[in-house]
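Residue numbers (the numbering used here): 78 to 518. We put the beta carbon where it would ideally sit given N, CA and C, even for glycine. All figures in this text were calculated on a predicted structure; none of them were measured in a lab. Working notes for the structure below.
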Ligand code: URA
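Listed below in structure tokens is the structure:
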């Protein structure tokens with residue numbers, strides 16, 4: 078293999094043979110191909126795409142770069158959920174214990190914040206003592222004993238994705254359908270689940286904002302799931318505003334705790350229930366109405382909250398946060414952003430809100446940087462709502478007055494109040510299965 082020839086051919090839109098893809102990516106996984114050649118190839122792929130056979134070869138080489146878990150010794154359906162990434166998306170923190178409380182095994186392996194999007198693992202780590210770095214053996218024992226484990230992607234599972242992801246993050250090559258699809262699906266297949274529910278975000282805070290590309294991404298991932306015999310369903314959901322109100326880490330955990338007590342924001346509850354229904358259907362429930370009723374009951378009668386308590390205890394965290402969220406890290410400075418005029422909250426720059434949260438310290442500007450678990454926002458304004466001058470739009474939780482003022486200026490650019498009422502996206506617009514997409518009403 079001569080790497081620059083493959084880069085050139087991909088750049089010119091040529092289709093590569095499966096063994097060429099395998100050779101190129103294996104060389105990178107083994108450290109024989111430098112970052113600069115892989116960066117060039119990723120950018121060529123960003124523009125030229127990959128066809129089905131090329132994508133299949135890429136998924137295969139990614140999967141075989143690490144271990145594949147065998148969960149067959151753990152009885153019961155094993156189902157996971159993955160989101161393509163959003164701002165304020167804390168649904169997993171409610172969903173995983175909820176579905177596990179109904180007897181489904183949920184081995185949830187999540188990532189850290191990425192670009193402008195938050196990560197479940199960073200949020201969980203804001204719970205004092207909580208460990209996400211369980212060994213695979215401990216994770217399997219916990220899955221067997223209580224039905225759910227919330228862990229970080231380990232070194233052993235798809236190490237090639239870790240390398241590629243870090244490179245994509247700094248080379249402007251995240252927003253590619255085949256690269257996102259192979260990254261997500263290789264990890265989920267390696268994790269050994271029987272079924273997978275995907276939350277594909279659309280709107281200004283999503284990696285792929287327009288619905289056509291979101292649908293194509295969903296169908297691409299479902300196609301990969303079919304090849305590996307993992308039943309996969311996707312919901313296409315709104316990210317033209319943050320999910321719920323909280324954006325950050327500890328403050329998102331706090332909001333998730335309220336949702337687990339049945340007191341969370343309505344959109345968080347609605348999305349969590351919809352994703353739970355899909356997970357339950359994959360787990361063997363035959364009727365969506367019964368699945369919805371069971372999910373609502375488990376949330377309302379405290380079973381989901383109790384499951385979260387067991388998970389936190391099992392992973393060395395302090396479960397008292399569930400009774401007293403004030404035990405979570407608290408930011409010393411609070412500042413309120415207010416509307417400077419009467420009008421409609423217009424279309425939001427949700428990516429900008431995510432970037433402002435990263436700048437405040439809630440995410441990482443460089444790989445491996447540390448985060449401040451306490452900082453973030455409550456974005457109480459939602460697009461399409463009418464506000465009066467002086468009404469609060471957001472609260473900033475910051476480490477210093479300077480940081481808070483910088484965030485106020487950034488948020489003012491992202492949350493605009495104007496004359497016109499904007500169109501807002503439906504919370505859930507499409508359900509996508511192997512038979513294709515359908516509109517959700
Ligand atoms: N999440 C992932 O795991 N990978 C991507 O490429 C994008 C979102």
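Item, Value
"Could you tell me whether the Cβ atoms of residue 307 and residue 266 are closer together than 7 angstroms?", "yes"
"Check the DSSP bridge columns for residue 455 and list the partner residues they point to.", "323 and 472"
"Got a list of residues with beta-carbon closer than 5 angstroms to any non-hydrogen atom of the ligand URA, in chain order?", "162, 257, 260 and 261"
"How would you call residue 90, buried or exposed, if buried means at least 16 neighbouring beta carbons within 10 angstroms?", "exposed"
"Kindly indicate which residue of 507, 511 and 464 has the alpha-carbon position closest to the one of residue 518.", "507"
"Rounded to the nearest angstrom, what separates residue 465 and residue 337 at their Cα positions?", "32 angstroms"
"Going by CA-CA distance only, name the one from 98, 107, 111 and 215 that's closest to residue 134.", "98"
"From the DSSP output, which residues share a beta bridge with residue 362?", "Answer is none; residue 362 lacks a bridge partner."
"What does residue 278 pair with, by DSSP beta-bridge criteria?", "314"
"The alpha helix (DSSP H) that contains residue 201, what's its start and end?", "197-201"
"Taking Cβ to Cβ, would you say residue 206 is nearer than 7 angstroms to residue 199?", "no"
"Counting beta carbon pairs with one atom in the region 410-428 and one in the region 488-498, are three or more of them shorter than 8 angstroms?", "yes"
"Can you give me the Cβ contacts of residue 365 inside the same chain, cut-off strictly under 7 angstroms, excluding the 5 residues immediately before and after it?", "354 and 358"
"Mind pulling the alpha helix (DSSP H) runs of 4 or more residues that sit fully within the region 212-299?", "213-223, 236-247 and 254-267"
"Quick one: is the Cβ of residue 396 within less than 6 angstroms of any heavy atom of the ligand NAP?", "Only the ligand URA can be found as ligands here, which leaves the ligand NAP out of the picture."
"I'd like to know if residue 327 contacts chain D, where contact means its C-beta is closer than 7 angstroms to some C-beta of that chain.", "Here there is only one protein chain, and chain D is not present."
"Residue range of the beta strand (DSSP E) that residue 420 falls in?", "420-422"
"Given this structure, state the Cα-to-Cα distance separating residue 248 from residue 268, to the nearest angstrom.", "27 angstroms"
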